[in-house]
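Trainee:
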Amino acid sequence: MKIILIGYMGSGKSSIGKILSEKLNYKVIDLDDFIEDKEKMTVSEIFKTKGELYFRKKETVYVKELLELEGDFILSLGGGTPCYGTNMDIILEAKEAKSVYLKASLPKLSKKLFKKKAKRPLIAHISSEAQMMEFIGKHLFERSQFYSKAEFVVSTDDKTKKEVADAVLECMATLI
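In our numbering, the protein residues as written are 1 to 176.
1) Could you tell me whether the segment 92-102 touches the segment 140-156, where touching means 3 or more Cβ pairs closer than 8 Å?
2) My guess is that Leu106 and Gly85 are in contact by the Cβ rule of under 8 Å, so how many angstroms apart are they, rounded?
3) How is the alpha helix (DSSP H) around Ile35 delimited, first residue to last?
4) Could you tell me if Ser76 is buried or exposed, where buried requires 16 or more neighbouring beta carbons within 10 angstroms of its beta carbon?
5) Need the endpoints of the beta strand (DSSP E) that Tyr101 sits in, please.
6) Under a three-way DSSP split, which group does Ile19 fall into?
7) Tell me, to the nearest whole angstrom, how far the beta carbon of Leu102 is from that of Ile16; I am working on the premise that it is less than 8 Å.
8) Taking the straight line between their C-alpha atoms, what separation do you get for Arg56 and Met133?
9) Using 8 Å for Cβ pairs, my map puts Ala26 next to Asp72. What's the rounded Cβ distance?
10) Quick one: residues in its chain with C-beta nearer than 8 Å to the C-beta of Met41, no 5 flanking neighbours on either side, listed in chain order?
11) Give the DSSP-derived three-state secondary structure of Ile3 in the structure shown.
12) Using CA coordinates, which residue listed in Ser21, Glu59 and Lys98 is at the minimum distance from Cys171?
13) I need the boundaries of the alpha helix (DSSP H) containing Ser155, first residue and last residue.
14) Report the CB separation of Leu5 from Val100 in whole angstroms; it is logged as a contact under 8 Å.
Here it is in structure tokens:
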């Protein structure tokens with residue numbers, strides 16, 4: 001089985017993916033890392049030198065490539081991946097794949113991301129928590145129609161990473 005983790009940046013996709021990998025003995029693949037490996041440059045460099053459109057096209061190519069692989073793995077997507085082109089349809093139609101939306105509330109995301117904004121180029125310029133909340137709120141409004149198509153939704157608020165991973169496993173229990 002392929003477990004595809006979707007959600008906004010800071011929702012825990014990468015860290016939950018690692019915990020699930022250990023619990024299930026599945027390989028974990030971070031889509032951004034995979035793209036950087038294939039393109040031989042960072043996502044930031046791709047955006048800077050080749051533009052977002054190039055990145056989004058490549059993202060779709062690599063999502064398809066990964067979902068066609070045989071075997072069990074966990075795939076952590078970028079926050080915007082499900083929202084571009086036909087990516088969410090590709091995810092939902094993939095064989096032996098189940099998507100899980102790691103849903104974090106706007107206040108939790110804003111607080112968490114404001115503290116770590118320096119490490120995230122998309123939000124590094126934001127200077128106040130109020131601006132952060134507005135920025136994320138706008139994105140969540142735009143992206144929720146895609147995120148909500150996931151086959152499972154797991155709330156991350158007020159849960160440890162282990163509890164979130166366990167909740168994902170509960171969703172998968174009848175399928176694995």
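Built from N, CA and C at the ideal position, the CB exists for glycine as well.
Mentor: The structure says:
1) yes
2) Actually they are not in contact, since the Cβ atoms of Leu106 and Gly85 sit about 26 Å apart, beyond 8 Å.
3) Leu31 to Glu39
4) buried
5) Ala97 to Lys103
6) helix
7) 6 Å
8) 25 Å
9) Per the sequence shown, the amino acid found at residue 26 is Tyr instead of Ala. With a Cβ gap of about 5 Å, Tyr26 and Asp72 count as contacting.
10) Thr49
11) strand
12) Lys98
13) No alpha helix (DSSP H) contains Ser155, which is instead part of the beta strand (DSSP E) from Phe152 to Ser155.
14) 6 Å
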